[in-house]
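Protein chains in written order, with the working numbering: chain F, 500 to 802; chain R, 2 to 408; chain X, 6 to 375.
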């Protein structure tokens with residue numbers, strides 16, 4: 500029983516991280532119907548920056564409150580970096596393609612992903628790099644017989660408030676309302692006076708910011724970054740977004756948690772080597788029976 | 002516009018195709034080719050091997066017999082894959098075959114890559130000496146998959162040799178060592194590749210023979226980013242030792258990290274594919290401290306004596322650091338090839354290959370050794386090192402004869 | 006914008022021989038290319054060696070890309086997992102021919118069975134998923150690609166795991182022409198595989214041409230341009246899409262058979278991963294969606310870049326000692342990803358119909374920006 504609980508704990512923690520990344524995908528898709536293939540690699544670049552900052556400031560030697568302060572600083576710094584980069588890419592690459600057929604921005608996103616990967620290759624080198632351990636390794640749940648350290652707690656501590664903040668942003672602020680409007684119908688939104696390009700840029704920024712936060716968590720939780728990490732993580736996160744219903748924010752969260760649990764439990768009970776196949780097989784099955792995803796709304800195509 | 006772009010592209014493609022085709026033989030030139038993974042995380046290790054090869058050529062003053070030597074450093078990996086690929090390796094082998102000046106092929110590093118190029122080079126009787134392949138099926142009949150090693154020799158003639166002992170030594174001796182160490186329960190992981198799975202299976206078999214309980218044996222996905230849930234499963238099985246058959250490139254370091262995160266106190270044992278500084282760096286020195294043991298077919302660089310020590314000293318003077326484990330094997334492989342070319346004296350691939358494979362009693366950096374009938378080295382030393390203070394520290398030598406004697 | 010009025014003298018002006026030649030080449034490019042490629046091994050000696058093997062692989066990729074073109078180019082369905090069908094074709098072919106298994110079929114039989122079976126698997130995947138919206142279908146094909154890769158790797162008893170299945174016997178093993186053993190000829194001289202691959206490619210191109218102009222081909226394009234309108238006109242979109250999927254899978258499977266035969270091994274499952282799918286997709290898109298010459302040119306450029314330009318540039322850099330430390334920044338292949346990415350972005354921005362577009366696609370993609 501403890502074994503099962505332990506795997507669930509791992510699955511949910513992992514899933515929370517996946518959900519955070521999935522939110523980035525879902526936001527961009529929701530607003531301009533673009534599968535942002537470059538999001539995973541954007542996060543990789545954020546992790547590169549995080550590693551550089553951590554090494555430059557010698558954060559591995561910090562202790563106590565200074566560490567937590569340092570982590571917060573990293574999250575904000577990388578968030579801003581990734582958000583800004585995302586906005587820049589939108590402006591340069593995707594904005595001229597607003598009226599182009601769907602294939603164009605999709606393929607351009609693949610192109611951006613390649614460019615990001617190359618930057619990462621130059622930044623990190625061809626081998627994976629170790630992210631230093633910043634957090635204490637004490638087991639917080641040793642009494643229950645489970646393994647749950649400060650690293651795992653960090654994931655929850657960062658992801659949950661960010662998700663809440665995002666919901667608040669989308670539901671209760673003017674910008675959020677504008678985002679929902681543009682998502683529903685960009686022409687109508689423009690007609691009521693919303694600056695569509697700026698709202699889209701803002702969405703890219705928010706998606707990128709979440710990605711930047713995810714990159715810091717990734718570095719601190721997994722402790723390894725490499726120039727190819729974007730693809731694998733992007734794949735799972737993107738699957739989570741689609742699973743939950745792409746375009747739906749709660750869907751991305753649910754999708755992420757489901758993917759995390761499936762990975763942990765399939766690794767534990769079926770075998771580590773089948774995990775990849777099982778995750779995608781489940782995705783295919785769910786899409787076949789519920790094409791709009793778990794929480795998505797079916798869109799009617801108008802003639 | 003379309004006509005220009007199209008015709009330009011077509012002429013470029015045709016031009017390149019034609020240009021690569023024309024190459025006449027040069028009677029005063031002998032080329033040595035190496036095929037190693039030069040991109041990705043194996044680069045650090047292959048850098049030292051290439052240096053060893055270059056040092057061997059330099060020592061010979063760039064000349065062998067009446068010929069001058071040219072060295073080509075080929076890459077069997079691609080930037081996209083980050084590791085060796087069948088296509089790149091096949092292309093390297095064909096390129097070496099096609100160039101009439103090439104007389105020796107130093108490669109490969111990964112056993113899986115050797116399987117691709119061995120049959121190709123065999124058709125051309127080109128001498129292939131590997132500094133690092135350890136999978137048993139490449140040379141030893143009856144030990145590998147059915148049909149090995151004959152499938153790698155379509156002409157029936159021999160052209161492949163290796164200067165490093167194979168895994169039929171490393172796998173079982175590791176199990177013997179574990180038994181001696183008092184290990185009763187072992188969890189085995191492998192990277193599902195030719196080398197990693199091969200040695201893990203050999204280790205598994207010997208453990209069962211010795212009465213060590215194998216509480217689990219699973220293959221990992223070398224592309225996965227983390228192994229937390231796998232480590233939770235491993236922890237639940239309470240092993241004394243976790244064995245990983247694989248290399249640094251197939252996530253050996255990440256496994257060690259996740260093992261430490263999961264709070265597993267067991268020992269961690271890895272084969273020679275992890276015997277490089279990159280492995281320690283990628284795992285985090287603290288995670289390996291005192292509990293990670295690495296086996297290696299041969300003596301580590303700091304323990305070499307005689308010509309080997311001279312090599313290490315010269316390497317250190319030239320490059321300012323100790324060579325990685327395989328550098329001296331690259332050096333030795335090249336020395337052997339050069340000796341064969343020197344003795345034959347003409348550019349006859351068949352004669353050079355036969356001469357090389359007939360070498361017995363070669364006095365080299367690795368000691369006094371020769372090739373046996375299968376193309377394996379007669380050296381049978383295995384060493385175990387432990388990771389201490391972020392570096393490999395020699396622990397003990399395992400002698401095959403000695404281990405067989407102890408019950 | 007009024008068209009430029011034609012000069013009356015155009016009709017009676019004599020056309021110079023040079024212009025006539027260019028016009029002939031442009032119109033019958035396929036014929037010219039086929040003759041040139043058929044004659045090449047007699048003129049270029051390198052094709053009897055390493056280059057021959059590389060060009061054979063190029064032909065195989067061309068066939069694969071033509072298969073993908075059916076889905077992405079003609080029918081407009083984004084397919085991110087074509088490499089999976091490539092791999093399935095290769096492995097099925099290997100299972101039907103390697104000595105390990107009792108089948109040991111001849112080349113043609115094995116290739117036919119394998120291609121048909123791959124088409125069947127394509128149908129099985131397509132039937133429940135083709136009603137999904139374009140983006141979702143892309144994800145399903147992507148996921149399927151991963152599932153296939155992992156399955157091929159793990160079912161070691163059947164597929165040989167990471168070792169792959171080998172040796173795949175060459176075509177015609179045991180058949181004798183005169184007193185040369187055909188199988189041995191294939192194994193030793195790469196020109197045999199060259200001609201086999203060229204022949205197959207020519208056959209596929211001819212078949213694609215026929216399909217383009219057939220009812221089915223036009224139905225594909227109709228579904229691509231406007232699915233609802235097509236349905237309203239009586240074209241069953243689902244059936245049309247399924248047929249595209251099946252045809253695409255069959256051609257990819259056929260390419261897989263040739264690949265396994267020419268390499269004499271299936272290679273490891275990692276050769277059939279997302280990277281491969283993306284490369285083929287890039288080739289089709291860069292060359293020209295829905296255009297046969299465009300697809301072929303795209304493949305030639307991409308493969309030529311990877312296997313000819315990049316190694317040559319790297320060797321040149323090594324020889325001229327520009328990069329003594331071996332840093333990625335100064336090596337040519339270190340920039341490969343960025344070059345590809347930039348090419349994709351630029352093409353999508355300025356010439357989304359590709360280098361050698363089909364006229365219909367060019368008109369379609371430029372109607373918003375005249």
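The beta carbon of each residue, even a glycine, is placed where N, CA and C say it ideally should be.
Every value quoted in this text rests on a predicted model; they were computed, and no experiment measured them.
Beta carbon of residue i nearer than 8 Å to that of residue j
i, j, result
"residue 112/X", "residue 260/X", "no"
"residue 265/R", "residue 218/R", "no"
"residue 510/F", "residue 740/F", "no"
"residue 91/R", "residue 118/R", "yes"
"residue 267/X", "residue 114/X", "no"
"residue 703/F", "residue 517/F", "no"
"residue 191/R", "residue 183/R", "no"
"residue 257/X", "residue 94/X", "yes"
"residue 261/R", "residue 241/R", "no"
Run of the alpha helix (DSSP H) containing residue i, from where it starts to where it stops
i, result
"residue 612/F", "602-623"
"residue 681/F", "673-683"
"residue 265/R", "Counting along the chain, residue 265/R falls outside any alpha helix (DSSP H), and DSSP gives it neither H nor E."
"residue 146/X", "139-159"
C-beta neighbour in chain F for residue i, strict 8 Å
i, result
"residue 86/R", "no"
"residue 76/X", "no"
"residue 33/R", "no"
"residue 217/X", "no"
"residue 140/X", "yes"
"residue 204/X", "no"
"residue 200/R", "no"
Distance cut-off 7 Å: residue i Cβ against heavy atoms of the ligand SAH
i, result
"residue 531/F", "What this structure holds is no ligand at all, so the ligand SAH is not there to describe."
Whole-angstrom C-beta distance between residue j and residue i, which should lie under 8 Å
i, j, result
"residue 75/X", "residue 249/X", "5 Å"
"residue 63/R", "residue 54/R", "That belief does not hold up - the Cβ atoms of residue 63/R and residue 54/R are roughly 12 Å apart, past 8 Å."
"residue 570/F", "residue 542/F", "Contact doesn't hold; Cβ gap of about 17 Å is too wide."
"residue 221/R", "residue 772/F", "7 Å"
"residue 1/R", "residue 129/R", "The structure shown has nothing for residue 1/R, since chain R only spans 2 to 408."
"residue 278/X", "residue 154/X", "5 Å"
"residue 708/F", "residue 578/F", "4 Å"
Assigned exposure category for residue i - 16 Cβ within 10 Å defines buried
i, result
"residue 84/R", "buried"
"residue 791/F", "buried"
"residue 36/X", "exposed"
"residue 178/R", "buried"
"residue 513/F", "buried"
"residue 664/F", "exposed"
"residue 508/F", "buried"
"residue 340/X", "buried"
"residue 185/R", "exposed"
Residue i at chain X interface by Cβ criterion, 8 Å
i, result
"residue 22/R", "Low confidence applies here, because residue 22/R scores a pLDDT of 42, under 50, leaving its location unreliable; read the following figure in that light. By this cut-off, residue 22/R is an interface position."
"residue 240/R", "no"
"residue 194/R", "yes"
"residue 387/R", "no"
"residue 103/R", "no"
CB contact below 8 Å: residue i versus chain R
i, result
"residue 502/F", "yes"
"residue 25/X", "no"
"residue 728/F", "yes"
"residue 540/F", "no"
Segment limits, beta strand (DSSP E) that includes residue i
i, result
"residue 203/X", "Residue 203/X -> not in any beta strand (DSSP E); alpha helix (DSSP H) instead, spanning 195-217."
"residue 190/R", "186-191"
"residue 30/R", "30-37"
"residue 538/F", "Run containing residue 538/F: none in the beta strand (DSSP E); it sits in the alpha helix (DSSP H), 538-556."
"residue 361/X", "Here residue 361/X belongs to no beta strand (DSSP E), and DSSP marks it neither H nor E."
"residue 244/R", "242-246"
Minimum Cβ-Cβ distance from residue i to chain C less than 8 Å
i, result
"residue 145/X", "This model lacks chain C altogether, as its protein chains are F, R and X."
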